[in-house]
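In our numbering, the protein residues as written are 189 to 262.
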């Protein structure tokens with residue numbers, strides 16, 4: 189259900205796009221078949237029987253710096 193070269197993810201200047209690379213079964217974004225589309229945080233990508241979720245990282249998390257998960261009450 190997944191082609192050898194199924195899709196491409198292209199990142200450029202703050203935008204991320206998914207492109208169908210002439211696959212037989214297509215690329216689906218949030219349930220709709222697309223040839224190419226800009227991705228937004230939380231988008232669901234279906235390739236064959238596999239589901240992927242796009243998560244856009246911003247600020248400190250994009251640079252790999254740790255963030256506080258919570259605080260302890262003393």
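For each residue, glycine too, the CB sits at the ideal point set by N, CA and C. Every value quoted in this text rests on a predicted model; they were computed, and no experiment measured them.
Item	Value
C-alpha distance - residue 233 paired with residue 191, whole-angstrom precision	15 Å
Counted within 10 angstroms of its Cβ, other Cβ atoms place residue 206 as buried (16 or more) or exposed	buried
Simplified DSSP assignment, three categories, for residue 205	strand
Own chain residues within Cβ distance below 8 Å of residue 196, not counting five before or after	206, 207 and 209
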